[in-house]
Amino acid sequence: MTSLLGLSTYAYFWRMSDRVPDPMSLDEAMRDAAAHDGVDLFQICDHLPLDTASDERLAAIRALADELGLALEVGTRGTDPAHLARYLHVAEALGATLVRSMWTSGDDQPDALETERRLRQALPAYEAAGVTLALETYEVVATPDLVAVVRAIGSDHLGICLDPANTVARLEHPAEVVAMTAPHVVNWHVKDSGFTRSPGWVGFQYTGVPIGTGVVDHDAVHAALDPDARGINRVIEFWLPWQDAHAGAEAHPGESPAQTTSRIEAAWTEHTIEYIRSKES
């Protein structure tokens, strides 16, 4: 099996946002991703235009990905069967074999029984299409509850998207989350995070940090998952704080916070790709 290395739209979070003067389009982000050596996958994650994109637009995205040599995955939020059916259509139109979603979406926060009912309704179509649904670990849902639902359903096309940084907000230790979820992981969001003291030393801030400098043990996660043997794609994303004076950013002369943030986001991309490739060489 093969484990692809990919970039998520979350690796372009600020550069695609309206906080920069000239936001990157999805097409521009895909072109940038393909320009990086070793990147063969792009995960279009929580990108709202996909909710209503026409079939013509979806065909154009797929054609661009084919031109660039990128495999695609998609990501959304929630377990409403109608919404999951929409994203199955999106995935099929894009040639994607994985849809990442989350247990909740905004005010829609079903309990475990309702989530299981919804998933059992949605999954037969995913199974027939050969598309896998991956539910992400995050702070709103206890990881044991997520694992229990995935186990109860027992479908080869339902698994877990592992992000051990997310659940720290529930006071779940990353290593424990990895151990609980490892048998069910079908997608891995690769990033690092760490704590710093808030201004005045009252409390802490938990944000993204350059990979290898935070609380997530990349080597241990890789060993637990064995991505190459299991065909688990690795998708790079970030929690980069907006880089202004409050964040302690070191701006270049004459550089605006938007320019500083965009520059550092791009640098984190290069650093993360190089870090991962150095570990696997």
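Numbering (numbering that gives the first Met the number 0), first residue to last: 0 to 280. Virtual Cβ for every residue (Gly too), placed ideally from N, Cα, C. Keep in mind that this is a model prediction, so the values were computed, not measured.
Integer-rounded CB distance, given that residue j should sit under 8 angstroms from residue i
i	j	result
Ala92	Ala58	7 angstroms
Tyr137	Ile210	That pair is no contact at about 19 angstroms.
Ile235	Ser7	6 angstroms
Asp162	Glu135	6 angstroms
Glu279	Phe237	Not a contact, Cβ separation roughly 20 angstroms.
Asp79	Asp107	7 angstroms
Glu126	His82	So it is not a contact: roughly 18 angstroms between Cβ atoms.
Ile231	Trp187	6 angstroms
When the options are compared against residue i, the one with the closest alpha-carbon
i	options	result
His35	Trp13, Leu67, Asp17, Ile43	Leu67
Val215	Ala127, Ala164, Tyr86	Ala164
Phe194	Tyr205, Asn186, Met15, Val185	Tyr205
Ala33	Cys44, Ala64, Ala10	Ala64
Val208	Trp241, Cys160, Asp144	Trp241
Gly283	Gly105, Pro173, Ala223	Any answer about residue 283 is impossible in this case: the structure gives the chain only from 0 up to 280.
Cys160	Glu72, His82, Ala228, Ile152	Glu72
Glu175	Ile231, Gly158, Ala223	Ala223
Thr281	Arg14, Ala52, Ser2	A question about residue 281 goes unanswered here, because the residues of the chain that appear run from 0 up to 280.
Three-state secondary structure (DSSP) of residue i
i	result
Gln258	helix
His88	helix
Asp106	coil
Ile275	helix
Trp13	coil
Trp187	strand
Ile152	helix
Arg196	strand
Boundaries of the beta strand (DSSP E) in which residue i is found, first to last residue
i	result
Tyr137	It is not in any beta strand (DSSP E) - Tyr137 carries neither H nor E in the DSSP assignment.
Glu72	70-74
Thr284	As shown, the chain starts at 0 and ends at 280. That puts residue 284 outside it, with no answer to give.
Val214	Run containing Val214: none; DSSP gives neither H nor E here.
Ile166	According to the sequence shown, residue 166 is Thr rather than Ile. First-last for Thr166: undefined, no H or E at that position.
Leu161	157-161
Leu239	Per DSSP, Leu239 belongs to no beta strand (DSSP E) and is neither H nor E.
Leu49	Segment 48-51 is the alpha helix (DSSP H) holding Leu49; no beta strand (DSSP E) there.
Delimiting residues of the alpha helix (DSSP H) encompassing residue i
i	result
Ala178	173-180
Ile60	54-67
Ile284	Given a span of 0 to 280 for the chain in the structure shown, any question on residue 284 remains unanswerable.
Leu112	111-128
Arg99	Here Arg99 belongs to no alpha helix (DSSP H); instead the beta strand (DSSP E) covers 97-100.
Leu25	25-33
Leu6	From DSSP, Leu6 is part of no alpha helix (DSSP H) but of the beta strand (DSSP E) over 4-7.
Would you call the segment 14-23 and the segment 194-205 in contact, with 3 or more CB pairs under 8 angstroms? As far as the Cβ criterion goes, the segment 14-23 does not touch the segment 194-205, which means the pair count is below three.
Does the segment 146-160 come within contact of the segment 116-135, defined as at least 3 CB pairs closer than 8 angstroms? Judged by Cβ distances under 8 angstroms, the segment 146-160 makes contact with the segment 116-135, as three or more pairs qualify.
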